[in-house]
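Q: Those letters in the sequence shown? Residues 1 to 153, by UniProt numbering.
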Amino acid sequence: MLFYASEVGVILGLEHMHNRYVVYRDLKPANILLDENGHVRVSDLGLACDYSKKKPHASVGTHGYMAPEVLAKGVAYDSSADWFSLGCMLYKLLKGHSPFRQHKSKDKNEIDKMTLTQDIELPNEGLSHECRDLLEGLLKRDVPDRLGCKGRG
């Protein structure tokens, strides 16, 4: 139950930022803190930026968690990047590694290439239908199809 409550806290934190036109850009397990009561705190806002007037296009974040649109050169993005990163983070919590570091590669270019091209292999066992749907929705490469981004980017 704590896992569920923690993930809801992360989602609420993202929605809070997105409602204020802020894209976080560095969502990963290391940036999610729990206080003594189990409440989630999203930390390290150093890469967050306001996209109310102009969408960012810089390729920043942590390799293995960055969305395809963030990795694409010169492509503008908004909160879509955070929803993809959430999918990567949930995957890591379930599998122990990001979906694009299956082979333990530390080469950032290789990880980025895998993010842009590799099909994501979801675990066959121990994953509910709902969890599988959530991961598949968050990890869509095409922004308009991605969960949290339907019809916008």
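From the three backbone atoms N, C-alpha and C, an ideal C-beta is built for every residue, glycine too.
(1) Rounded to whole angstroms, what's the CA-CA distance from Glu7 to Ala72? Just pull it up for me.
(2) Just reading off the alpha helix (DSSP H) that residue 157 is part of, what are its end residues?
(3) Identify whether Leu147 lies in helix, strand or coil by the three-state DSSP scheme.
(4) Given that a residue counts as buried once 16 or more other Cβ atoms are within 10 Å of its Cβ, and exposed if not, what is Asp61?
(5) Apart from the five residues on each side of it in sequence, which residues of its chain come closer than 8 Å, Cβ to Cβ, to Arg132?
(6) May I ask you to list the residues that DSSP assigns as paired with Cys49?
(7) To the nearest angstrom, how far is it from the Cα of Lys108 to the Cα of Met114?
(8) Classify Ala81: buried if its beta carbon has 16 or more other beta carbons within 10 angstroms, exposed otherwise.
(9) Which of helix, strand or coil does DSSP assign to Gly9?
(10) Under 8 Å by Cβ, that's how I've got Leu147 and Gly137 pegged, so tell me the actual separation to the nearest angstrom.
(11) Considering only the alpha carbon of each residue, which of Val10, Asp112, Arg101 and Pro144 lies closest to Tyr24?
(12) For Leu93, name the three-state secondary structure that DSSP assigns.
(13) Smallest Cα separation from Gly87: which of Lys54, Asp78 and Arg141?
(14) Any idea what DSSP makes of Leu2, helix, strand or coil?
(15) Can you list, in chain order, the residues of its chain with a C-beta nearer than 7 Å to that of Met1? Leave out the 5 residues immediately preceding and following it.
A: Once the coordinates are examined:
(1) 28 Å
(2) This structure cannot settle anything about residue 157, because the visible part of the chain is limited to 1 through 153.
(3) coil
(4) Reading the sequence as shown, one finds Gly at residue 61 and not Asp. Buried: at least 16 other Cβ atoms inside 10 Å.
(5) Leu122
(6) Val23
(7) 10 Å
(8) buried
(9) helix
(10) 3 Å
(11) Val10
(12) helix
(13) Arg141
(14) Reliability fails at Leu2, whose pLDDT of 45 lies under 50, so the model's placement of it is uncertain and no value is given.
(15) For Met1, the pLDDT reaches just 37, beneath the cut-off of 50, and the residue's location in the model is therefore unreliable, leaving the point undetermined.
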